[in-house]
Amino acid sequence: MPDNDLSTDEPVLRLDRVGLSYGPKSDVLADVSLSLRPGSMTFLTGPSGSGKSTLLRLAYLALRPTAGRVSLFGVETNRLRRRDLAPLRRRVGVVFQEFRLLDHLSAYDNVALPLRITGRPEASYRQDVIDLLGWVGLGDRLEARPATLSGGEKQRVAIARAVVGKPDLLIADEPTGNVDEEMGERLYRLFRELNRRLKTTVLIATHDMALVRRAKNDVLRLAEGMVVRVPLDQREGQP
Amino acid sequence: MSRAAPLLPREDAREAALFFVVCALCFLAAFSGLIARAAYAAADAWTSEVAGEITIRVRGPEADTQRAVEIIAKTEGIASAHALTREESEELLKPWLGAGGVPAGLNLPRLIAAEGAAGAGDSVAAALKEANINATVDDHETWSADARRVTGTIGLVALSAVALLGATGIAVIAFATHATMLARRDIVELLHLSGARDDFIAGLFERRFLMLGVQAGALGALLAFGTAAFILFAVRQTDEQAWLLPQLSLSLADGLILGLSPLIAGAASMFAANLTVKRSLSDMV
Ligand SMILES: Nc1ncnc2c1ncn2[C@@H]1O[C@H](COP(=O)(O)OP(=O)(O)O)[C@@H](O)[C@H]1O
Ligand SMILES: [Mg+2]
Numbered sequence: 020m021p022d023n024d025l026s027t028d029e030p031v032l033r034l035d036r037v038g039l040s041y042g043p044k045s046d047v048l049a050d051v052s053l054s055l056r057p058g059s060m061t062f063l064t065g066p067s068g069s070g071k072s073t074l075l076r077l078a079y080l081a082l083r084p085t086a087g088r089v090s091l092f093g094v095e096t097n098r099l100r101r102r103d104l105a106p107l108r109r110r111v112g113v114v115f116q117e118f119r120l121l122d123h124l125s126a127y128d129n130v131a132l133p134l135r136i137t138g139r140p141e142a143s144y145r146q147d148v149i150d151l152l153g154w155v156g157l158g159d160r161l162e163a164r165p166a167t168l169s170g171g172e173k174q175r176v177a178i179a180r181a182v183v184g185k186p187d188l189l190i191a192d193e194p195t196g197n198v199d200e201e202m203g204e205r206l207y208r209l210f211r212e213l214n215r216r217l218k219t220t221v222l223i224a225t226h227d228m229a230l231v232r233r234a235k236n237d238v239l240r241l242a243e244g245m246v247v248r249v250p251l252d253q254r255e256g257q258p
Numbered sequence: 036m037s038r039a040a041p042l043l044p045r046e047d048a049r050e051a052a053l054f055f056v057v058c059a060l061c062f063l064a065a066f067s068g069l070i071a072r073a074a075y076a077a078a079d080a081w082t083s084e085v086a087g088e089i090t091i092r093v094r095g096p097e098a099d100t101q102r103a104v105e106i107i108a109k110t111e112g113i114a115s116a117h118a119l120t121r122e123e124s125e126e127l128l129k130p131w132l133g134a135g136g137v138p139a140g141l142n143l144p145r146l147i148a149a150e151g152a153a154g155a156g157d158s159v160a161a162a163l164k165e166a167n168i169n170a171t172v173d174d175h176e177t178w179s180a181d182a183r184r185v186t187g188t189i190g191l192v193a194l195s196a197v198a199l200l201g202a203t204g205i206a207v208i209a210f211a212t213h214a215t216m217l218a219r220r221d222i223v224e225l226l227h228l229s230g231a232r233d234d235f236i237a238g239l240f241e242r243r244f245l246m247l248g249v250q251a252g253a254l255g256a257l258l259a260f261g262t263a264a265f266i267l268f269a270v271r272q273t274d275e276q277a278w279l280l281p282q283l284s285l286s287l288a289d290g291l292i293l294g295l296s297p298l299i300a301g302a303a304s305m306f307a308a309n310l311t312v313k314r315s316l317s318d319m320v
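Heads up: the protein sequence lines correspond to chains W and E, in order. Residue numbering for the first sequence follows the numbering used here, starting at 20 and increasing by one per position. Residue numbering for the second sequence follows the numbering used here, starting at 36 and increasing by one per position.
Take a look at the structure:
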């Protein structure tokens, strides 16, 4: 596909003729090429089972492609050794489709987790975590366990955890899939604010076409193992 | 605000079961260690008790016995020699003939007890032969060798048991770590995808299992000592000649077994955890 990356900057994420199959049967991804400009916000759409989650897994380095190349921040990941992938992963924040919050930890501890594994002392990030939970509207639920939170609240804890390390790339898999329309709109505004204020590059997989139509962002469509750019609004629109 | 809540949740019945198994293995290993130690100590004690003691049995006429005592006393390497009285001989026979004693008419062999340097037995035999006295010399070498062989075998069996139990313990802990890993794959995977290094993730499990191993090992070793002390106490109470147990008193070596058991159990647990976690992680991208 034509690469309509207009900036001179290195793409944050670049897939180059990527193929992926989970088994000997047909490919989930046949021949996918795409690149994300720094500071862009992109929707990845496509019917259920089309391979959106699979593509995201490649992007956050949970899978290696069976063909083609995946580059993050200008680094070609195929050639990297296992242990050199960890620093790259720290620059990517992920909101998983099924949240993946740890049941035994409080909202605060769940959000602090990505900072904790860097070995930084808690005192250096404690206030950031508390502020961030306040920003997503959970300032009064710091000590709550995930089991006591609603779907929307869990989703916001998951988003806070994904962005707490100020990632260069934020990936979200169906972040509005489990919440009502109003909460979906609120979550979308969170992502947009992150994108605008921190210049975080955002990639959101969704099949919520109403949201995609309302928002005026880049749209990639995945079907039959290929990605096409939907020429709706090529540039990020100003509301 | 909860400060540094553990990334691995406090475990449940599965961990209690593992604790019990490691504790039991450490108990058996420490107990086997004590038996091995006791066996070697017993061999030392017995052989040193009889080392240098020589018993001479004279077959010739009564007069030969007196002559033999004089010759033996003068032999190089002999410190003292005397003919056993009938009472002394009877005392020796008591364990076999009972408290009733030796029937009055019974002719007891005439025995001479001598003490001297190890190996003096041969010089005594040569001197007696030269003096034309028909006598057998027993410096307990054969008996000592037998005793050493028996206790050596017991010690070796006990040491093998220690090694086997140690290997079993490591295998059990490896299985248990693996089970915990599988049960907690969500945590491992999340940490991995968040950019945690393998060493960081392995460290969580290592610390968890180090603590478990040390605690279970300490308890197991203490129980082994408690049991040994109880057996020793019970045997002393009955006032019998116990052939192995009198050596089972607390010594430096026993303290070493007591102190090392938890350390070895802890180190084994940690090692198994590291191996299992690293292997599971290497399956992930
Ligand atoms: N771990 C897996 N093993 C085998 N097949 C998988 C796996 N994950 C997804 N698939 C298959 O790959 C296809 C795409 O799945 P997925 O990427 O989850 O699509 P989407 O997120 O668009 O719904 C589906 O047919 C699904 O059954
Ligand atoms: Mg999906």
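In this text, a Cβ means the ideal position worked out from N, Cα and C, and glycines have one as well.
Along the region 94-147 of chain E, the alpha helix (DSSP H) occurs as fully enclosed runs of 4 or more residues at 97-109 and 121-132, listed in sequence order. Taking a C-beta distance under 8 angstroms as the contact criterion, S125 (chain W) and A40 (chain E) qualify as a contact pair. Per the DSSP secondary-structure output, E150 (chain E) pairs in a beta bridge with E:E88 and E:S115. Setting aside the 5 residues that flank it on each side, I168 (chain E) is surrounded in the same chain by V93, G95, D99, R102, A103 and I106, each with a C-beta closer than 8 angstroms to its C-beta; the list follows chain order. At least one heavy atom of ligand 1 sits closer than 7 angstroms to the Cβ of T73 (chain W). Checking the 7 angstroms criterion, the Cβ of S67 (chain W) is within range of a heavy atom belonging to ligand 1. The bridge partners DSSP lists for S90 (chain W) are W:R33 and W:E95. Taking the Cβ of D192 (chain W) as the reference point, at least one heavy atom of ligand 2 falls within a distance shorter than 7 angstroms. Under the DSSP definition of a beta bridge, F62 (chain W) partners with W:I223 and W:V238.
Straight-line spacing of the CA atoms in F66 (chain E) and D289 (chain E) works out to 10 angstroms.
For L48 (chain W), the enclosing beta strand (DSSP E) has its first and last residue at L48 to L55.
Taking 8 angstroms as the CB threshold, V185 (chain E) stays off the interface with chain W. Any Cβ of chain W closer than 8 angstroms to the Cβ of G301 (chain E) would place that residue at the interface, and such an atom is absent.
Around A231 (chain E), the beta-carbon contacts reaching into chain W at under 8 angstroms are A105 and I136. With contacts defined by Cβ atoms closer than 8 angstroms, I149 (chain W) and L161 (chain W) form a contacting pair. In this structure, A116 (chain E) sits near A149 (chain E), with a CB-CB distance shorter than 8 angstroms.
Three or more beta-carbon pairs drawn from the region 233-243 of chain W and the region 58-72 of chain W are found closer than 8 angstroms, and the two stretches are therefore classed as touching. Collapsing the DSSP output to three states places M319 (chain E) in coil. Sixteen is the threshold: when 16 or more other Cβ atoms of the shown chains lie within 10 Å of the Cβ of S229 (chain E), as they do, the residue is buried.
The Cβ of L291 (chain E) sits no closer than 8 angstroms to any Cβ of chain W.
Pairing F54 (chain E) with L291 (chain E) gives a Cβ-Cβ distance that is not under 8 angstroms. Taking 8 angstroms as the cut-off, the beta carbon of L152 (chain W) is found closer than this to the beta carbon of V130 (chain W). Here the region 81-88 of chain E does not lie against the region 166-183 of chain W, with fewer than 3 beta-carbon pairs under 8 angstroms apart. Linking G138 (chain W) to D46 (chain W) through their CA atoms gives a straight-line distance of about 40 angstroms.
Per the DSSP secondary-structure output, D192 (chain W) pairs in a beta bridge with W:A224. Following the DSSP letters along the chain, one finds R232 (chain E) in no beta strand (DSSP E), marked with neither H nor E. F306 (chain E) has a beta carbon lying at 8 angstroms or more from every beta carbon in chain W. Less than 8 angstroms separates the beta-carbon of L213 (chain W) from that of L189 (chain W). Comparing alpha carbon positions, the residue from E:A52, E:V57 and E:D221 closest to G252 (chain E) is E:V57. Proximity of the beta carbon of G38 (chain W) to ligand 1 is not indicated: no heavy atom of the ligand is located closer than 7 angstroms. From the listed residues E:E125, E:G156, E:G151 and E:G154, the smallest Cα separation to L141 (chain E) is found for E:E125.
Secondary structure of A166 (chain E) (DSSP, three-state): coil.
For the pair A224 (chain W) and S40 (chain W), the CB atoms are not nearer than the 8 angstroms cut-off. A237 (chain E) sits close to K313 (chain E), with the two beta carbons spaced by under 8 angstroms. Taking 8 angstroms as the CB threshold, V320 (chain E) lines the interface with chain W. M245 (chain W) has W:A242 as its beta-bridge partners, per DSSP.
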